[in-house]
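Let me begin by presenting the structure, written as structure tokens, before commenting on it.
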Amino acid sequence: MAPKQKAGQKPKPNAAEEVEETFQAVVLADTFETRFEPFTRDTPRCLLPLANTPLIEYTLEFLANAGVEEVFLYGGAHSDQLEKYINASKWRAPSSPFKQFTFLKSTSASVGDVMRDLDGKHLITGDFIVVSGDVISNLPIEGALAQHRARRALDKNAIMTMVLREAGLQHRTKSTSVSPIFVIDPTKDRCLHYEEIDRHPDGDHLARLNIDAEIILKHPELDIRQDLIDCSIDICTPDVLSLWSDSFDYQSPRKHYLFGVLKDYELNGKTLHTYIIKDHYAARVRNLKAYDAISKDILSRWTYPLCPDTNLLPGHTYTLRKGSMYQETGVTLARSCVIGRRTVIGKGTSIGDRAEVHNSVLGRNCKIGRNVKLDGAYIWDDVVIGDNTDVRGAIIADGVVLGKNCVVAAGALLSYGVKIADNVQVESGKRITKTRNDGGVGKNDPAVVGEGGEGYEFIHGEEDEDDDDDVSVASSGLVYRMPNLSLSSASISTLSSEVSNTSWGARSERSSFSADEDSDNFHHDASVSLFDSLREGVAADVVQLELVTLRMSANASDNQVRRAIVTSFMKHIQQLMEGGKGAGPAVTQVFTAYKEVVERTLFDRSKEQKNDQVDLLLSLQQDLIHRNKGDTVLLFTAKSLYELDLIEEEAYDQWWNDERSSKTEEMRAVRSQTEQFVNWLAEAEEETSEDESEEESEEESDDE
Amino acid sequence: MPSSLALTPGLGSFLKCLKTNPIDTSIETLISLLKRRQIRHSRSCATATAYLLRSVISACRTTDSAKLIERVQSVGRRLMAAQPREMVVGNIVRRVLGLIRDEAEDDREAEFALSDIGSESQPQTPRAFDDPALPLDRDSLSFRSEDRTTRPPLTSMFSLLSHPEPEHSLPSTPGSSSPSGRLPGHSPSKDVRAEVLEGIGEIIDELGQVDDQIAAYALDHIHSNEIILTHTSSTTVQKFLLKAATKRKFTVIHAESYPNNHEATHATVSGSASDDDNLGLEAFQKPLIEHGITVILIPDSAVFAIMSRVNKVILGTHSVLANGGLVAAAGTRVIARAAKVHQTPVVVVSGVYKLSPVYPFDFDSLIEYGDPSKVLSYEEGDLVDLVDVQNPIYDYVPAELVDLYITNIGGHAPSYLYRIVSDHYRKEDISF
């Protein structure tokens with residue numbers, strides 16, 4: 001108590017503080033990632049139980065501790081489930097510490113969209129705190145808040161304070177592969193540069209950090225820190241939101257927003273700051289590995305008082321016994337079973353004779369048979385485990401039935417309701433689920449679950465797109481460090497396949513292009529300026545001139561130019577469509593008006609291999625994956641490009657056969673509608689002589 | 001309090017919200033504050049509980065004492081479940097229950113007297129005679145309704161011995177003991193509720209004064225040129241020593257109670273302590289050193305080495321148990337044990353409100369385990385993974401290691417505490 005008070009009293013009551021403002025918080029329930037697949041097919045991510053308490057409870061406790069008065073909760077996937085849960089919870093009761101608790105639904109596909117949506121709603125009145133729905137922290141926020149406010153009173157441009165937890169170089173709660181690097185001016189706690197680097201580079205290219213020379217020249221003192229846990233607790237001013245709105249293509253709060261805003265310091269003059277904590281706990285359950293680590297932290301009470309025996313949920317009755325054993329009342333233990341250290345056992349669970357349980361979390365109403373060995377297992381509610389079964393380092397979701405004499409190896413995930421027959425071995429890293437991506441029930445696969453079992457193996461859709469933790473896999477031998485476990489793709493909503501990869505994630509996938517610092521900037525600058533021009537209806541030649549200038553200054557490749565064009569055009573078309581225009585007219589309007597801009601990027605008209613045109617089509621396809629009605633837009637765009645004589649038949653043909661265009665599920669999905677057009681083109685080609693394209697285009701416009 | 005800064009909720013904000021919010025909200029608020037450990041330390045918990053129960057009773061629109069008891073019990077149960085290791089919560093609830101029972105019995109007695117006069121005319125009154133407890137309770141009642149803090153405990157021993165049975169029979173007949181047989185026209189002159197509220201007010205006053213009352217005994221126990229060893233930043237101990245320091249010169253050796261309380265201890269010793277209690281009770285404290293007392297701060301590990309030179313150990317506590325043992329800040333047991341080896345007297349200062357009627361069968365369950373990061377920094381990633389770190393906040397000190405308890409009603413041997421327990425708590429409330 002004492003240090004908190006002191007921290008709170010430090011800043012002198014000055015003019016800025018006299019304004020009484022309610023402290024608001026924005027909780028992002030969905031972080032638009034697929035790291036918890038397949039569990040997130042059935043349940044929203046923030047309702048997954050961590051030590052038998054849903055994740056969101058920890059986050060809301062943290063906010064209650066921080067003295068937050070108004071909470072805006074943004075639901076993502078399964079938001080109806082989340083809403084139901086929240087409405088029934090104590091946070092909506094009159095005794096809730098929050099004066100106002102607003103549940104906001106949105107169709108956002110990224111954090112960026114949420115922030116822009118929030119900006120549009122004008123709900124935020126003063127300084128607010130942004131956390132994702134999976135933050136676990138016992139940090140009193142006053143210190144950070146006081147610092148933020150004091151700084152803000154001096155300088156209006158200090159718009160954001162990020163709370164970062166110091167941790168050693170190696171730490172179980174830290175991400176193992178990608179590590180965020182913060183370049184900080186310690187005299188002002190100002191973050192100057194941010195980058196995420198791969199901690200396990202392949203032999204040839206070592207991980208590189210590119211710091212602007214100017215930063216080094218201007219600041220006499222710099223801290224370059226890799227030892228910080230980024231728990232995504234940000235204290236923001238309303239200006240933060242307007243910056244989000246200004247940059248329509250920012251998706252993730254760190255990789256894009258933080259990076260971008262720091263980059264554009266010269267332009268916007270905004271500064272971002274850090275608040276580094278050395279004590280108290282703060283972490284984010286960002287993937288399954290973190291799930292494992294944070295569960296351990298909770299059981300060893302690092303998160304005190306957010307421990308099971310605090311009984312956060314009404315109805316919980318956990319008590320702590322010696323050796324970090326937490327048990328609810330109503331647990332049935334056989335006389336000869338062994339309950340080891342660091343275990344949590346929920347109400348109604350029974351454990352059979354000679355069973356051994358160590359380092360495990362068991363939910364409510366589980367039935368553990370005789371001679372069962374559990375070590376490092378996370379078993380949720382209503383699970384039945386048959387005799388002599390062995391479970392090590394696995395997550396077993398609600399309602400799973402495991403037969404007798406089974407072995408579940410480390411890193412296996414059994415999703416809701418899966419049934420495993422007797423004598424089945426579940427291999428390490430296997431993920432078994434019943435629910436299909438679209439919510440239906442998948443076909444049972446006896447090879448995986450045994451005769452009479454229920455469930456099939458879950459294979460992640462975009463394995464090749466992982467940019468995150470899986471790289472590290474090989475290097476670590478611990479549970480949950482399997483590649484496919486921490487599997488994650490850049491930023492895909494847990495929603496489902498319809499939502500998808502961001503243009504940024506996509507880019508990193510195609511790493512064959514020189515994904516250099518400059519290209520990032522170029523892409524960003526060019527697409528922003530193009531988009532603005534399109535929106536304002538600037539003449540094509542002016543746009544062309546601007547683009548050339550940008551291209552020259554950044555020494556960008558044609559490919560980059562094309563991508564920038566695609567991003568901005570599609571964004572604009574999207575906007576037109578949202579404004580009520582049909583996909584066809586919108587596409588035609590944009591491409592007709594700016595035909596020459598596109599034309600100037602294609603230099604292969606006379607060549608046999610239409611590389612540039614194929615590349616343009618690929619970029620389009622890639623970009624449209626994550627856009628609403630992407631497949632329709634792609635069809636119309638293809639038609640329109642053909643009509644405008646920008647892309648030739650051969651190019652369509654080459655594109656269609658190009659393996660890159662059908663590499664992933666999503667790529668295939670988005671081009672599915674275009675198939676008829678390509679087929680028609682191919683037929684038309686056979687029928688008519690090669691050069692009579694004018695007639696065809698007439699016919700085609702009749703089709704429309 | 002600068003409200004523009006979003007302060008962590010605590011006792012202050014709870015008391016504020018108690019005035020404005022409906023009672024059920026306040027109960028829930030207190031429960032979650034206790035759960036989140038935002039109200040901690042015995043006195044804050046006791047104060048919060050007392051204020052809450054006062055509101056509960058004043059919101060309870062009934063004069064039926066049985067209903068009052070039921071209501072207080074249900075609220076009390078929830079509060080105790082929220083943080084079972086803050087035993088003062090239970091203590092305060094029990095005392096309030098005792099108050100209600102006293103008033104009810106008082107009332108019935110008055111009614112009894114009344115019905116004596118009018119029994120001929122009132123056929124219903126015989127119902128009151130069903131309860132054999134009534135005539136016997138007079139003594140204990142009169143004792144209870146007086147200020148029990150000043151009353152020498154000896155007097156009540158007779159009353160206790162004289163009628164243990166009737167008290168026991170009460171909970172079984174709450175229905176019949178309710179004033180059902182009361183004449184509508186002859187409603188009692190005093191309102192049970194008002195009396196109880198007044199009683200709770202007294203408890204709250206007691207909580208405010210307890211340190212000063214204890215300090216009044218200081219001169220009897222601290223003599224000139226003594227070397228006193230103490231531990232933690234307990235305000236009760238500080239006030240006790242300060243009182244003695246006004247008249248006498250002595251030396252204080254202060255163990256720093258690392259890791260959970262060392263910062264506060266350092267602040268207490270150096271006098272830089274801002275009020276660590278939300279009430280701001282001791283905001284104007286001058287540290288001992290300003291009274292010319294030599295204070296030596298030592299690490300806990302040096303306690304044994306220095307014990308041979310110590311004349312007296314004075315300890316604060318978290319709660320005191322009926323068997324004479326106590327639950328106090330971690331490190332207390334080591335000190336008490338070292339004192340025992342050196343035959344140094346151990347004096348525990350504690351308000352009566354910390355005295356719990358609960359007999360400790362499972363010592364482990366009384367001990368709260370805190371955040372291990374105070375012992376081992378969380379940055380030590382490798383160690384965190386491999387080592388199980390435990391940071392108990394409290395220690396259980398068995399009765400035989402304590403020589404004397406000084407409470408606001410005087411000094412007692414540990415073996416005598418059961419008497420104070422039975423003075424302050426009704427038997428039927430001990431496990432409700």
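One line per chain: the protein sequences are B and S, in this order. Under the UniProt record's numbering, the first residue of the first sequence carries the number 1, and numbering increases by one thereafter. Under the UniProt record's numbering, the first residue of the second sequence carries the number 1, and numbering increases by one thereafter. Where is the CB? At the ideal position from N, CA and C, for every residue including glycine.
Item	Value
Could you tell me the alpha carbon to alpha carbon distance between S/Ala328 and S/Asn261, rounded to whole angstroms?	12 Å
Could you check the C-alpha separation between B/Thr310 and S/Arg40 for me, to the nearest Å?	14 Å
Once you ignore the five residues that flank residue 709 of chain B on each side, which residues in its own chain have a CB closer than 8 Å to its CB?	Since the displayed chain B opens at 1 and closes at 704, residue 709 of chain B lies outside it and no answer follows.
How many angstroms separate the CA atom of B/Asp230 from the CA atom of B/Lys278?	13 Å
Could you pull out every residue in the same chain whose Cβ sits closer than 7 Å to the Cβ of S/Ala194, ignoring the five residues on either side in sequence?	none
Going by beta carbon distance, what residues of the same chain come within less than 8 Å of B/Asp133, once the five residues before and after it are set aside?	The sequence shown places Gly at residue 133 of chain B, not Asp. Cβ within range, chain order: Val27, Leu28, Ala29, Asp30, Thr31, Arg45, Cys46, Leu55, Ile56, Thr59 and Leu73.
Please work out which residues of its chain come closer than 7 Å, Cβ to Cβ, to B/Phe128, disregarding the five sequence neighbours upstream and downstream, and give them in chain order.	Gln24, Ala25, Val26 and Cys236
Looking at the secondary structure, which residues open and close the beta strand (DSSP E) in which B/Leu123 lies?	Segment: none, B/Leu123 is in no beta strand (DSSP E) and carries neither H nor E.
Quick check on the burial criterion: 16 or more other C-beta atoms within 10 angstroms. Buried or exposed for B/Val338?	exposed
Tell me whether S/His412 sits in a helix, a strand or coil according to DSSP, three-state version.	strand
Is S/Ser350 helix, strand or coil by DSSP?	coil
Measuring straight from C-alpha to C-alpha, what distance separates B/Ala93 and B/Leu145?	27 Å
Report the neighbours of S/Thr25 on chain B: residues whose CB is nearer than 9 Å to its CB, in chain order.	Ala93, Pro94, Ser95 and Ser96
Using 8 Å as the cut-off, can you tell me whether the region 310-325 of chain S makes contact with the region 44-64 of chain S, which would need three or more C-beta pairs spanning the two stretches below that distance?	no
Out of curiosity, what's the CA-to-CA distance linking B/Ile215 and B/Glu266?	12 Å
Can you tell me whether B/Lys419 is buried or exposed? The criterion is at least 16 other CB atoms within 10 Å of its CB, across all chains shown.	buried
I'd like to know whether the C-beta of S/Pro372 is nearer than 7 Å to at least one C-beta of chain B.	yes
Apply the 10 Å Cβ neighbour rule to S/Arg61 and answer buried if 16 or more other Cβ atoms are within range, or exposed otherwise.	exposed
Just the chain S side, please: which residues come within less than 7 Å of B/Ser300 by C-beta, in chain order?	Pro372, Asp388 and Val389
How about B/Glu166 and S/Glu368: do their beta carbons lie closer than 7 Å?	no
May I ask which residues mark the beginning and end of the alpha helix (DSSP H) holding B/Phe62?	Leu55 to Asn65
Would you call residue 720 of chain B buried or exposed, if buried means 16 or more other Cβ atoms sit within 10 Å of its Cβ?	The question about residue 720 of chain B has no answer, for chain B in this structure spans 1 to 704.
Would a C-beta distance cut-off of 7 Å place S/Ile406 and S/Val358 closer than the cut-off?	no
For B/Gly168, go through chain S and note every residue whose CB falls closer than 7 Å to its CB, in chain order.	Glu379, Glu380 and Gly381
Give the residues of chain S in contact with B/Tyr281, contact being defined as C-beta atoms less than 8 Å apart.	Asp371, Ser373 and Tyr378
Are the beta-carbon atoms of S/Val88 and S/Lys354 separated by less than 7 Å?	yes
Does the beta carbon of S/Lys67 come closer than 7 Å to any beta carbon on chain B?	no
Residues of chain B with a CB under 8 Å from the CB of S/Asp205: which are they?	Under the 8 Å cutoff, chain B gives no residues; its nearest Cβ is about 24 Å from S/Asp205.
Have a look at the DSSP bridge pairing and note the partners of B/Lys419.	B/Val401 and B/Glu454
Using three-state DSSP, classify B/Ala144 as helix, strand or coil.	helix
Quick check on the DSSP output: the alpha helix (DSSP H) that includes S/Lys427 runs from which residue to which?	Lys427 to Ile430
At 9 Å on the CB atoms, spell out the chain S contacts of B/Thr319, in chain order.	Pro84 and Ser365
If we define contact as Cβ-Cβ less than 7 Å, is B/Lys270 a contact residue for chain S?	no
Given that a residue counts as buried once 16 or more other Cβ atoms are within 10 Å of its Cβ, and exposed if not, what is B/Gly352?	buried
Bridge partners for B/Tyr378 per DSSP, in chain order?	B/Val361 and B/Ile395
To the nearest angstrom, report how far apart B/Ala412 and B/Val400 are at their CA atoms.	13 Å
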